[in-house]
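Written below as structure tokens is the structure these notes are about.
In mature numbering (1 follows the signal peptide of the UniProt record, and there is no 0), the protein residues as written are -28 to -1, 1 to 258.
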């Protein structure tokens, strides 16, 4: 999968999750030496990449690049664009307070890393822009029940999107773009009542299909991107701005949503009707 341009190393959503979610995490602080050992083991399992050269016994983990701590415990790993080529080791979930994990823009190989099922406090997971292949596992719901953000875009995942993804009930952001998924929309996505952002575009093998009626349950959805969409049904918070300025909005910060309220939508509808009425009754073509 061709790499897309790398955004800012500290995206707004990453900071948002660090600032708003970790304060509610009950911190069980392990001994500093134990945390240091875990991280140095991970570094070694990744082949000691140059970007992690400052991870050493001469300093505390909370001072290392890519590490975020809360109350002295490691709660975030932001290892975006670190040129890591080895698989994700199971030991990463020995960091019991890990809430935010960003491993995007690397070269992680193989299938979906089910070792992450053991990261029980994970709330933000970004695996985009890597070399993952194969299907999303049918037991994807075994990820943390607290997961709110997952991005697996720009990989080589294939097969059907599993219905079990609808069991990750806390999801706010679900990003599946730029892969090789086939099949169609699983109706179970409609169970994600907290979902705000759904991106499934640029899956060339995806079957164009009518959106399942269950998607009408997504009352909080403000962003829905799918280039193969044929039939659009009721979705309460979708906005005219999103359709009229889609190219411009892709070039700006996607975290900023413009949602038209109902009075504004009525005003637009009346204006459009008046324009059509004028064209039908009063406009004389030259």
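A virtual CB, placed ideally from N, CA and C, is assigned to each residue, including glycine.
- Close Cβ partners of residue 111 (< 7 Å) along its chain, the five nearest in sequence each way excluded: 136
- Test: residue 194 CB closer than 7 Å to a CB of chain C: Of the chains in the structure shown, none is chain C; there is only one protein chain.
- Contact between the stretch 187 to 194 and the stretch 160 to 170 (3+ Cβ pairs under 8 Å): yes
- Item | residue 155 versus residue 177 - alpha carbon distance | As the crow flies, the alpha-carbon of residue 155 is around 8 Å from that of residue 177.
- Query: If you draw a straight line from the alpha carbon of residue 121 to that of residue 153, how long is it in whole angstroms?
  - Reply: 19 Å
- Task: Just grab the DSSP bridge partners of residue 122 for me.
- Result: BP columns for residue 122 point to 97 and 146.
- How far does the alpha helix (DSSP H) with residue 55 in it reach, from first residue to last? Premise fails: residue 55 is in no alpha helix (DSSP H) and is neither H nor E.
- In DSSP terms, what residue 197 is bridged to: 171
- Item | Chain-order list of residues whose beta-carbon lies under 6 Å from that of residue 291 (same chain, five-residue window excluded) | Nothing can be reported for residue 291: it is not among the residues displayed for the chain, which extend from -28 to 258.
- Message: Buried or exposed, going by whether 16 or more other CB atoms sit within 10 Å of the CB of residue 54?
- Response: So residue 54 ends up on the buried side.
- Could you tell me the distance, in whole angstroms, from the CA atom of residue 89 to the CA atom of residue 30? 32 Å
- Item | Through-space distance from residue 49 to residue 24, alpha-carbon basis | 12 Å
- Task: Would you mind working out which of 140, 161 and 98 sits nearest residue 116, comparing C-alpha positions?
- Result: Residue 116 has its Cα closest to that of 140, out of 140, 161 and 98.
- Item | Where residue 157 sits in the DSSP three-state scheme | In the structure shown, residue 157 sits in coil (DSSP, three-state: anything other than H, G, I, E or B).
- DSSP beta-bridge partners of residue 130: In DSSP, residue 130 forms a bridge with 107 and 152.
- In chain order, what residues of the same chain lie with their CB nearer than 8 Å to the CB of residue 13, ignoring the 5 residues before and after it? Answer for residue 13: 61 and 63, listed in chain order.
- Message: Let me check understanding here. Comparing Cα to Cα, which of 59, 130, 22 and 187 lies closest to residue 174?
- Response: 130
- Task: Select from 45, 102 and 8 the residue whose C-alpha is nearest the C-alpha of residue 57.
- Result: 102
- Task: On a CA-only basis, which of 21, 66, 79 and 243 is nearest residue 87? Give me that one, please.
- Result: 66
- residue 199: buried (16+ other C-beta within 10 angstroms of its C-beta) or exposed? The predicted position of residue 199 is uncertain, since its pLDDT is 43 and thus under 50; a value taken from the coordinates is nonetheless stated next. Per the 10 Å Cβ criterion, exposed.
- Among 196, 22, 106 and 81, the one whose alpha carbon lies nearest that of residue 162: 196
- Query: Smallest Cα separation from residue 124: which of 138, 149, 106 and 114?
  - Reply: Among 138, 149, 106 and 114, the Cα nearest to that of residue 124 belongs to 149.
- Between residue 76 and residue 100, is the Cβ-Cβ spacing less than 7 Å? yes
- Can you tell me the Cα-Cα spacing of residue 28 and residue 80, whole angstroms? 23 Å
- Query: From residue 203 to residue 185, what distance separates their C-alpha atoms?
  - Reply: Unreliable placement is indicated for residue 203, whose pLDDT of 36 sits below 50; no coordinate value is reported for it.
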